[in-house]
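Asks: Protein sequences, first through last, are from chains A and B. The first sequence runs 452 to 789 under the numbering used here. The second sequence runs 452 to 789 under the numbering used here. Note that beta-carbon positions come from the ideal geometry of N, C-alpha and C, so glycine has one too. Predicted, not measured: the structure shown is a model, and the values here were computed from it.
2 protein chains.
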Amino acid sequence: MPGIDILFLSKEDVDALELGLQEVMDAIEAGLKAHGEQKVIMPSKDHLPLAYPEKLFNILKGYVEPVNVAGVKVIGDFQKNYEHGLPSELALITLYRPETGAPFAIVDGTLITWMRTGAVTAVGAKYLANEKPRVLAHIGARGTAWYNVPMLDLLFDFEEIRVTSKRPESRERFAGEMSEQLNKRVIVTDTTEAAVRDADIIIDASRLLEHQILVKDEWVKPGALIQPYGAVLSVERTLPFSVDKMLVDDWNQCQQSQYGQFAGLIQAGELRDEHIYGEIGEVVAGLKPGRESQEERILFWHKGFAISDIMLGNLAYQKAVEKGVGTLLNYYREPQDM
Amino acid sequence: MPGIDILFLSKEDVDALELGLQEVMDAIEAGLKAHGEQKVIMPSKDHLPLAYPEKLFNILKGYVEPVNVAGVKVIGDFQKNYEHGLPSELALITLYRPETGAPFAIVDGTLITWMRTGAVTAVGAKYLANEKPRVLAHIGARGTAWYNVPMLDLLFDFEEIRVTSKRPESRERFAGEMSEQLNKRVIVTDTTEAAVRDADIIIDASRLLEHQILVKDEWVKPGALIQPYGAVLSVERTLPFSVDKMLVDDWNQCQQSQYGQFAGLIQAGELRDEHIYGEIGEVVAGLKPGRESQEERILFWHKGFAISDIMLGNLAYQKAVEKGVGTLLNYYREPQDM
Chain A
452 MPGIDILFLS
462 KEDVDALELG
472 LQEVMDAIEA
482 GLKAHGEQKV
492 IMPSKDHLPL
502 AYPEKLFNIL
512 KGYVEPVNVA
522 GVKVIGDFQK
532 NYEHGLPSEL
542 ALITLYRPET
552 GAPFAIVDGT
562 LITWMRTGAV
572 TAVGAKYLAN
582 EKPRVLAHIG
592 ARGTAWYNVP
602 MLDLLFDFEE
612 IRVTSKRPES
622 RERFAGEMSE
632 QLNKRVIVTD
642 TTEAAVRDAD
652 IIIDASRLLE
662 HQILVKDEWV
672 KPGALIQPYG
682 AVLSVERTLP
692 FSVDKMLVDD
702 WNQCQQSQYG
712 QFAGLIQAGE
722 LRDEHIYGEI
732 GEVVAGLKPG
742 RESQEERILF
752 WHKGFAISDI
762 MLGNLAYQKA
772 VEKGVGTLLN
782 YYREPQDM
Chain B
452 MPGIDILFLS
462 KEDVDALELG
472 LQEVMDAIEA
482 GLKAHGEQKV
492 IMPSKDHLPL
502 AYPEKLFNIL
512 KGYVEPVNVA
522 GVKVIGDFQK
532 NYEHGLPSEL
542 ALITLYRPET
552 GAPFAIVDGT
562 LITWMRTGAV
572 TAVGAKYLAN
582 EKPRVLAHIG
592 ARGTAWYNVP
602 MLDLLFDFEE
612 IRVTSKRPES
622 RERFAGEMSE
632 QLNKRVIVTD
642 TTEAAVRDAD
652 IIIDASRLLE
662 HQILVKDEWV
672 KPGALIQPYG
682 AVLSVERTLP
692 FSVDKMLVDD
702 WNQCQQSQYG
712 QFAGLIQAGE
722 LRDEHIYGEI
732 GEVVAGLKPG
742 RESQEERILF
752 WHKGFAISDI
762 MLGNLAYQKA
772 VEKGVGTLLN
782 YYREPQDM
């Protein structure tokens, strides 16, 4: 064995790969399917809290059988990073061979996290939205917002896209750039109510530091799909119990990991097994039906899981090898059994 | 803020730093002290088991206040890697700034794991061995063995060093190289009994795949210090209850992490709070006495913790910056708040 090399991909390298929205969604869908078919190993993510909720690291790890890759992502969640001109989530994904545990890729996870989250949002909507969703409401104008909106629009070609967020400057900038990218008007609203009422798909990618009700139950119309996935509860506590179906990405992880949108309800013993219709992977794998009527109100909570990071990290690695992108690092020149 | 760079250190880079045994022990001792003084944040390590016990990853994470660094280590435990000419434990340590979560170093953790484990063994013995230990018995001749023995000998200048292991060729090779390095005879024994009986310090760094009694309680003489730290129980189940004092590195982690020497006894409810005298950090920090009589039989179980990896990873980083060693990677060229 001639030593071990690791391919390093910076944020700019990942950018240079120009991964297409569709291929990203395809990779993520394949990961969800593998999860549904139990062709993965994925203990719950866990956390290194420096000062919760403002400063913490999330650590995700897993193995995906169809691509035969193990991986770990370390991702910061530093909500004041905009003061440094940095995204709140800086991340490193490391990929490993399951035969020996040898690392073979280190990939910036910042862009990949946004992409993979956007793709889970979109693939979730593909299976759970009503037949012809017309109006998208998006809360939040940073990070994952840059992928949620175009991926959803690629699937559904919305008649109306509404965006709101806490800071006017970020929502204006986001709407402006997104209008140009999608070549259609993106409406900015001042309030979440104006964005959410009568929308067919509601994505809540807000980043609160403490509980606040951004979406009231009554604003979620019959037939709507809502996906809130912030770190802190941003909807009414009653939402999981007022919808027709609640789905998650991984119920074990939702119960184990102490943070996230509905974690408090789970810890309080209010949100339990019997409230969860299923996991999105089961629907993608065809083991459970998704939406069964045009009137159903469906809630899909994705906390985010390692499988998606591994799928997309591996896609980036493969593309980079093809295109000759990245820095090849010699990690271990003279393997020997010591 | 002018972008984010990461310094990468390969196994050969870490080697080239020529870290001294004493400075490594000093860094590790400072980490143990910080742990004892509760100047660290360290949730339990956890695991990604691909096929336990032959193929798994351990994932360690923490923050050390005195050096103000957060870190994560991903380390494989692939016990058949010698068939590929690779060490069973290949590892990557990533270090992060606690202000923003930005990564600043990626360091091969293979050598560092051996060194830090050796240093915890040695510092443990510094506080827990009897006054003038004469005979060292070492079980295991790979990985951490290369640091356990010289670090202990640096502290104690033994009259007799005995080594044994499963495979004759590895123990012969180890004893040969160690004799040369220490400039004293290292005795190879065929049986663990011959190595262990009457020894003052007994280190069991064996790597079993299933429980086997390598050390009987009656072979551990009065006044001896024994440190067994394999992944699988390698002593009698009665040892923790027959010694005068049992110390661990981190009792919370010992209870949380499902693997390691005495994990089964903890899970069975046999080994409990009241059997644990204390943590080594408490002794190093002067909060609890270590050895109190020359007749005490003391058991110190170090599972290994993130604090040590962060201390030594950071020492390697600082040395590398001083000496201009390593590869500087541009991770994030144009920070921006998206």
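(1) B/L665 by DSSP, collapsed to three states: which one?
(2) Quick one: complete beta strand (DSSP E) runs, 3+ long, within the stretch 632-715 of chain B?
(3) Just checking: is the beta-carbon of A/M452 within a distance shorter than 8 Å of some beta-carbon in chain B?
(4) At the 8 Å Cβ level, is B/H535 part of the contact set with chain A, yes or no?
(5) Closer than 8 Å, CB to CB, is B/T778 near chain A or not?
(6) Give the straight-line distance between the Cα atoms of A/L511 and B/F607, rounded to the nearest whole angstrom.
(7) Of all the CB atoms in chain B, is at least one closer than 8 Å to the CB of A/K672?
(8) Have a look at B/P584 and B/L603 and give me their C-alpha separation to the nearest angstrom.
(9) Just confirm the distance between the C-beta atoms of B/V558 and B/G775, as a whole number of angstroms; I'd bet it's less than 8 Å.
(10) Closer than 8 Å, CB to CB, is A/P504 near chain B or not?
(11) Within 10 angstroms of the Cβ of B/Y728, are there 16 or more other Cβ atoms? Answer buried if so, exposed if not.
(12) Verify whether the separation of the beta carbon atoms of B/H753 and B/G575 is less than 8 Å.
(13) Give me the residue from B/F751, B/L458, B/E733 with the minimum Cα distance to B/G487.
(14) Three or more C-beta pairs closer than 8 Å, one from the stretch 498-511 of chain B and one from the stretch 471-485 of chain B: is that the case here?
(15) Classify A/L470 as helix, strand or coil using the three-state DSSP reduction.
(16) Straight-line CA distance for B/E534 to A/E550?
(17) Excluding five sequence neighbours on each side, which residues of the same chain lie with their C-beta closer than 6 Å to the C-beta of A/A485?
(18) Specify the secondary structure class of B/V574 as computed by DSSP and reduced to three states.
(19) How is B/R613 classed by DSSP in three states: helix, strand or coil?
(20) Determine the DSSP secondary structure at A/H770, reduced to helix, strand or coil.
(21) By the three-class DSSP mapping on this structure, what secondary structure does B/L501 have?
(22) Please list the partners that A/H498 has in chain B, where partner means a Cβ-to-Cβ separation under 9 Å.
(23) In whole angstroms, what is the alpha-carbon distance linking A/A580 and A/K696?
(24) If distances are taken between C-alpha atoms only, which option among A/L676, A/F692, A/S693 comes closest to A/Q745?
(25) Given this structure, state the Cα-to-Cα distance separating A/M452 from A/L780, to the nearest angstrom.
(26) According to a CB-to-CB cut-off of less than 7 Å, which residues of the stretch 578-600 of chain A neighbour chain B?
(27) Name the chain A residues that come within less than 8 Å of B/D559, Cβ to Cβ?
(28) For the stretch 454-478 of chain B, which residues have a CB atom closer than 7 Å to at least one CB atom of chain A, in sequence order?
(29) Taking Cβ positions, are B/A588 and B/A650 nearer each other than 8 Å?
(30) For A/R688, which residues of its own chain have a beta-carbon under 6 Å away from its beta-carbon, when the five flanking residues on both sides are left out?
(31) With DSSP run on the structure shown, which of helix, strand or coil describes B/Y514?
(32) How would you list, in chain order, the residues of chain B whose beta-carbon sits under 8 Å from the beta-carbon of A/A553?
(33) Just to confirm, is the Cβ distance from B/G522 to B/A542 under 8 Å?
(34) Using three-state DSSP, classify B/Y547 as helix, strand or coil.
(35) Quick one: which residues of the stretch 763-776 of chain A get their C-beta closer than 8 Å to a C-beta of chain B? List them in chain order.
(36) Check each candidate in A/G454, A/L460, A/I455 and name the one with the smallest Cα separation from B/Y783.
Replies: Well, looking at it:
(1) Locating residue 665 of chain B in the second sequence gives position 214, counting from the first residue. It is coil, neither helix nor strand.
(2) 637-639, 652-655, 676-679, 696-699
(3) The sequence position of residue 452 of chain A within the first sequence is 1, counting from 1. Its pLDDT being 47, under 50, A/M452 is placed unreliably by the model, and the measurement read from it follows with that caveat. Closer than 8 Å: yes.
(4) Residue numbering aside, residue 535 of chain B sits at position 84 when the second sequence is read from its first letter. Chain A, which has a Cβ nearer than 8 Å to the Cβ of B/H535, makes this yes.
(5) Counting from one through the second sequence, the residue named residue 778 of chain B turns up at place 327. By this cut-off, B/T778 is an interface position.
(6) Here the question's residue 511 of chain A lines up with position 60 in the first sequence. Here the question's residue 607 of chain B lines up with position 156 in the second sequence. If you take the alpha carbons of A/L511 and B/F607, they lie about 43 Å apart.
(7) The residue given as residue 672 of chain A occupies position 221 in the first sequence. So no, A/K672 is outside the interface.
(8) Taking the first residue of the second sequence as 1, we reach residue 584 of chain B at position 133. Taking the first residue of the second sequence as 1, we reach residue 603 of chain B at position 152. Distance between the alpha carbons of B/P584 and B/L603: 10 Å.
(9) For this step, residue 558 of chain B is matched to residue 107 along the second sequence. For this step, residue 775 of chain B is matched to residue 324 along the second sequence. With a Cβ gap of about 16 Å, B/V558 and B/G775 do not count as contacting.
(10) As a first step, residue 504 of chain A is located in the first sequence; it is residue number 53 there, counting from the start. With 8 Å as the cut-off, A/P504 does not count as an interface residue toward chain B.
(11) Translated into the one-based positions of the second sequence, residue 728 of chain B becomes position 277. Per the 10 Å Cβ criterion, buried.
(12) Taking the second sequence and counting its residues from 1, the one referred to as residue 753 of chain B is at position 302. Taking the second sequence and counting its residues from 1, the one referred to as residue 575 of chain B is at position 124. Yes, Cβ-Cβ distance for B/H753 and B/G575 is below 8 Å.
(13) For this step, residue 487 of chain B is matched to residue 36 along the second sequence. Ranking the options by Cα distance to B/G487, first place goes to B/E733.
(14) no
(15) Position 19 of the first sequence, counted from the first residue, corresponds to residue 470 of chain A. Correct three-state label for A/L470: coil.
(16) Along the second sequence, read from residue 1 onward, the residue named residue 534 of chain B stands at position 83. Along the first sequence, read from residue 1 onward, the residue named residue 550 of chain A stands at position 99. Cα to Cα, B/E534 sits roughly 11 Å from A/E550.
(17) Numbered from 1 along the first sequence, position 34 holds the residue referred to as residue 485 of chain A. Hits under 6 Å: V491, V515, P517.
(18) Translated into positions along the second sequence, residue 574 of chain B becomes position 123. Correct three-state label for B/V574: helix.
(19) The residue you call residue 613 of chain B lines up with position 162 of the second sequence. Reduced to three states, the DSSP call for B/R613 is strand.
(20) Stepping through the first sequence from its first residue, residue 770 of chain A is reached at position 319. Note that residue 770 of chain A is Lys in the sequence shown, not His. Looking at A/K770 - three-state DSSP - the assignment turns out to be helix.
(21) The sequence position of residue 501 of chain B within the second sequence is 50, counting from 1. It is a strand residue.
(22) On the first sequence, position 47 is the one that residue 498 of chain A refers to. By Cβ distance, chain B contributes P494, K512.
(23) Mapped onto the first sequence, residue 580 of chain A falls at position 129. Mapped onto the first sequence, residue 696 of chain A falls at position 245. Each residue's alpha carbon lies about 12 Å from the other.
(24) Indexing the first sequence from 1 puts residue 745 of chain A at position 294. When each option's Cα is compared against that of A/Q745, the closest is A/L676.
(25) For this step, residue 452 of chain A is matched to residue 1 along the first sequence. For this step, residue 780 of chain A is matched to residue 329 along the first sequence. At A/M452, the pLDDT of 47 sits below 50, so the modelled position is not reliable; the number obtained from the coordinates is stated separately. Going by the C-alpha atoms only, they are around 16 Å apart.
(26) R593, G594, W597
(27) As a first step, residue 559 of chain B must be located in the second sequence, where it is residue number 108. Those are Y782, Y783, listed as they occur along chain A.
(28) F459, S461, K462, E463
(29) Counting from one through the second sequence, the residue named residue 588 of chain B turns up at place 137. Counting from one through the second sequence, the residue named residue 650 of chain B turns up at place 199. Yes.
(30) For this step, residue 688 of chain A is matched to residue 237 along the first sequence. If we look at A/R688 and ignore the five residues flanking it on each side, it has no Cβ neighbours.
(31) Residue mapping note: residue 514 of chain B aligns to position 63 of the second sequence, counting from 1. If DSSP states are grouped into helix, strand and coil, B/Y514 belongs with the strands.
(32) Translated into the one-based positions of the first sequence, residue 553 of chain A becomes position 102. What A/A553 touches in chain B: G527, L537, L541.
(33) Along the second sequence, read from residue 1 onward, the residue named residue 522 of chain B stands at position 71. Along the second sequence, read from residue 1 onward, the residue named residue 542 of chain B stands at position 91. No; because the gap between Cβ atoms is not below 8 Å, this pair is not in contact.
(34) In the second sequence, the residue the question calls residue 547 of chain B occupies position 96. Three-state DSSP puts B/Y547 in a strand.
(35) none
(36) One-based indexing of the second sequence puts residue 783 of chain B at position 332. Nearest C-alpha to B/Y783: A/L460.
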